[in-house]
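Chains as they are written, first to last, in full-length UniProt numbering: chain A, 1 to 159; chain B, 1 to 159; chain C, 1 to 159; chain D, 1 to 159.
I have placed the structure first, in the form of structure tokens, so that the comments after it can refer back to it.
Protein chains: 4
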Amino acid sequence: MDIKDEWNDFFETSTEQEQQVMKLFLGSLKTKREKDQMTHIASLLNFKTTRINDHTLEMEMPNSPLLDNSIGILHGGLTATLLDTAMGTMASLVPGNKRGAVTVELKVDYLTPGVGELFICRAEVVHNGRQLVRMDGKVRNEHGTLIASASGTFFKLAE
Amino acid sequence: MDIKDEWNDFFETSTEQEQQVMKLFLGSLKTKREKDQMTHIASLLNFKTTRINDHTLEMEMPNSPLLDNSIGILHGGLTATLLDTAMGTMASLVPGNKRGAVTVELKVDYLTPGVGELFICRAEVVHNGRQLVRMDGKVRNEHGTLIASASGTFFKLAE
Amino acid sequence: MDIKDEWNDFFETSTEQEQQVMKLFLGSLKTKREKDQMTHIASLLNFKTTRINDHTLEMEMPNSPLLDNSIGILHGGLTATLLDTAMGTMASLVPGNKRGAVTVELKVDYLTPGVGELFICRAEVVHNGRQLVRMDGKVRNEHGTLIASASGTFFKLAE
Amino acid sequence: MDIKDEWNDFFETSTEQEQQVMKLFLGSLKTKREKDQMTHIASLLNFKTTRINDHTLEMEMPNSPLLDNSIGILHGGLTATLLDTAMGTMASLVPGNKRGAVTVELKVDYLTPGVGELFICRAEVVHNGRQLVRMDGKVRNEHGTLIASASGTFFKLAE
Numbered sequence: 001m002d003i004k005d006e007w008n009d010f011f012e013t014s015t016e017q018e019q020q021v022m023k024l025f026l027g028s029l030k031t032k033r034e035k036d037q038m039t040h041i042a043s044l045l046n047f048k049t050t051r052i053n054d055h056t057l058e059m060e061m062p063n064s065p066l067l068d069n070s071i072g073i074l075h076g077g078l079t080a081t082l083l084d085t086a087m088g089t090m091a092s093l094v095p096g097n098k099r100g101a102v103t104v105e106l107k108v109d110y111l112t113p114g115v116g117e118l119f120i121c122r123a124e125v126v127h128n129g130r131q132l133v134r135m136d137g138k139v140r141n142e143h144g145t146l147i148a149s150a151s152g153t154f155f156k157l158a159e
Numbered sequence: 001m002d003i004k005d006e007w008n009d010f011f012e013t014s015t016e017q018e019q020q021v022m023k024l025f026l027g028s029l030k031t032k033r034e035k036d037q038m039t040h041i042a043s044l045l046n047f048k049t050t051r052i053n054d055h056t057l058e059m060e061m062p063n064s065p066l067l068d069n070s071i072g073i074l075h076g077g078l079t080a081t082l083l084d085t086a087m088g089t090m091a092s093l094v095p096g097n098k099r100g101a102v103t104v105e106l107k108v109d110y111l112t113p114g115v116g117e118l119f120i121c122r123a124e125v126v127h128n129g130r131q132l133v134r135m136d137g138k139v140r141n142e143h144g145t146l147i148a149s150a151s152g153t154f155f156k157l158a159e
Numbered sequence: 001m002d003i004k005d006e007w008n009d010f011f012e013t014s015t016e017q018e019q020q021v022m023k024l025f026l027g028s029l030k031t032k033r034e035k036d037q038m039t040h041i042a043s044l045l046n047f048k049t050t051r052i053n054d055h056t057l058e059m060e061m062p063n064s065p066l067l068d069n070s071i072g073i074l075h076g077g078l079t080a081t082l083l084d085t086a087m088g089t090m091a092s093l094v095p096g097n098k099r100g101a102v103t104v105e106l107k108v109d110y111l112t113p114g115v116g117e118l119f120i121c122r123a124e125v126v127h128n129g130r131q132l133v134r135m136d137g138k139v140r141n142e143h144g145t146l147i148a149s150a151s152g153t154f155f156k157l158a159e
Numbered sequence: 001m002d003i004k005d006e007w008n009d010f011f012e013t014s015t016e017q018e019q020q021v022m023k024l025f026l027g028s029l030k031t032k033r034e035k036d037q038m039t040h041i042a043s044l045l046n047f048k049t050t051r052i053n054d055h056t057l058e059m060e061m062p063n064s065p066l067l068d069n070s071i072g073i074l075h076g077g078l079t080a081t082l083l084d085t086a087m088g089t090m091a092s093l094v095p096g097n098k099r100g101a102v103t104v105e106l107k108v109d110y111l112t113p114g115v116g117e118l119f120i121c122r123a124e125v126v127h128n129g130r131q132l133v134r135m136d137g138k139v140r141n142e143h144g145t146l147i148a149s150a151s152g153t154f155f156k157l158a159e
């Protein structure tokens, strides 16, 4: 049985919640088809980036069943995924950095339970060194509640 | 147009790589249907857990296009997701802990590029305190190459 | 030979730099005698605290030969000592905390070489939880140059 | 009044505990005089180093009143000082590293109260990269009780 038939079989017995997740999966495939450079995980988590200024950007992640941990709130690993992506994206955009940056280390402090409709990560350059970019990141929900605070070190790739 | 028709339309024009990802999505939905307590992200990333002993477990994550970062290697956020899940699962299983544990903070050191077929996280209890469980985690590939090393603090939920 | 004679012998052959350090040692003993609750290390490093507001304090440490690392700049361990002391002091002063707080974990990012006459640490409460106080700390010199940035978790002692 | 007279005056009224601290101060000055490259803080804390193998060393710190925090146990900042010094010393000794290494970041987990006669820090190379050395450190007392666990990143100085 090919993948198309398997999908159609699955649909026949699907619950409403499963159909909601299938919509998310389909949306992510469509986004990824349009923006080929985007990663699968960024399209799956529906990341949207806004550049704020020279050393700051914001990345949004709308809440969805995909983000739940075992007690129904934002999964700490996905909080870290949002932080790492936002901080790494900003780190690769600092002046003088031509080829991007890779994560050396990431430290995340989980402060309050991740609840809400939209999670917004603000990533800011703390220090732009010769080889290392030192970053700061905060995750808040749409009400401004601080959910997580992070720091990270990124290594500039040589030209 | 309903979700089923949208899916079928998308199939008509899908590439081989897109079909591979659709298989992963379908597999994750089937797994989640069988194991209702599993999170979507754990079924999507295909986590499998093996208990090693009283204070250690291993969690595996097979490589797939979903794990790629923007330069085609294991995404640092998903490395963190594997680590947080494995360490948090082990932290919630320590003797005397009845209601699970939540992540207080997580520190991940990225040591070598995440390449390989299978990523294996070993999570170990460093100290089981009255309220806090202190954990250690290592991610290796199938050849034993150390990819990431982490520490984390977890708070025991009261009964 | 008793300690007094040993000291007097040492003085006879002491260099100017050694006499500078002896002055620091004597000053620290005098401070400690006046303020019995102060720790030896705080009096040795000449810590001075200013409360800024409900959730912030500043702690100063004047530069001296005692602070040098092997390449003649501020020792990273003493940067950490200033941060831990300032953050821990502020953590033990949060409303509702009656018996102080102990350090659970401390993360220090060293950003620029520690040079200057005076090092000023600003410690701020990020989140005051039921059991844990989450802190942020920054060390700057007298010109405002950011030398180190830190985060820490502190556990409130039960009454 | 010169520093010698000031010292002698202080002696006249000194308590037994003060004389114990003066002995430590004098010992540290004598050690520093013999080993000029040693830092003041290393001689004050009486650090002794043993090389274990290619990628491991141990550094000892005997307990003394100087190490006490405000509740009479090992000060977290001095635990960090021992860790940073041991890990940084080992990082600067890795093969191919000609000019030493500076601390990029340090994370310390405080696990149990620091009590005992002697604190022993074992510092181990986790990964020796082209520019960065990733280190691991553990502090135990003379009974082998694990007091603190740490990780750190060090940057190799260019030739």
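Virtual Cβ for every residue (Gly too), placed ideally from N, Cα, C.
- In terms of CA proximity to B:L132, B:P95 leads the group B:P62, B:P95, B:G144, B:E16.
- It is roughly 53 Å from the alpha-carbon of A:M87 to the alpha-carbon of D:I3.
- In this structure the stretch 114-123 of chain D touches the stretch 63-71 of chain D; the number of beta carbon pairs closer than 8 Å is three or more.
- Within 9 Å of the CB of C:V126, the CB atoms of chain A belong to D109, L111, L146, S149, in sequence order along the chain.
- Under the Cβ distance rule, D:R134 counts among the residues neighbouring chain B, one pair being separated by less than 7 Å.
- The stretch 64-126 of chain B contains, as complete alpha helix (DSSP H) runs of 4+ residues, the segments 76-91 (chain order).
- Under DSSP, the beta-bridge partners assigned to D:S151 are D:K107, D:D136.
- One Cα belongs to D:G137, the other to A:L29, and the distance between them is close to 45 Å.
- Under a criterion of Cβ atoms nearer than 7 Å, the residues of chain B adjacent to A:Q19 are, in order, I3.
- For the pair of segments examined, the stretch 66-86 of chain D was found to touch the stretch 34-49 of chain D: the number of CB pairs separated by less than 8 Å reaches three.
- Comparing C-alpha distances from D:G72 to each of C:D54, C:T49, C:S70, C:D36 shows the shortest one belongs to C:D36.
- An exposed status is given to C:K98, since fewer than 16 other beta-carbon atoms sit within 10 Å of its beta-carbon.
- For the stretch 56-85 of chain C, the beta-carbon criterion of a distance under 8 Å to any beta-carbon of chain D is satisfied by P65, L66, L67, D68, N69, S70, I71, H75, G76, G77, L78, A80, T81, L82, L83, D84, T85.
- Contacts with chain C at 7 Å (Cβ-Cβ) include D:I41.
- Taking 3 residues as the minimum length, the beta strand (DSSP E) runs contained wholly in the stretch 3-65 of chain A are 48-53, 56-62, in order along the chain.
- When beta bridges are read from the DSSP output, D:L146 appears opposite D:R140.
- With a cutoff of 7 Å on beta-carbon distance, A:T103 and B:G76 are scored as near each other.
- A direct Cα-Cα distance of roughly 5 Å separates D:L74 from D:D68.
- Interface annotation for the stretch 89-105 of chain B against chain A: T89, S92, G100, V102, T103, V104, E105, criterion Cβ-Cβ distance under 9 Å.
- Remark: C-beta atoms of C:Y110 and C:A148 approach each other more closely than 7 Å.
- With a 10 Å radius around the Cβ and a threshold of 16 neighbouring Cβ atoms, C:G114 comes out buried.
- In terms of Cα proximity to A:A123, the closest of A:F155, A:K107, A:M90 is A:M90.
- Taking 7 Å as the threshold, the shortest C-beta distance from C:L24 to chain D does not fall below it.
- The Cβ neighbour count for C:G152, taken over all protein chains shown within 10 Å, is at least 16; the residue is labelled buried.
- Chain-ordered, the chain C residues with CB closer than 7 Å to the CB of D:F11 read K4.
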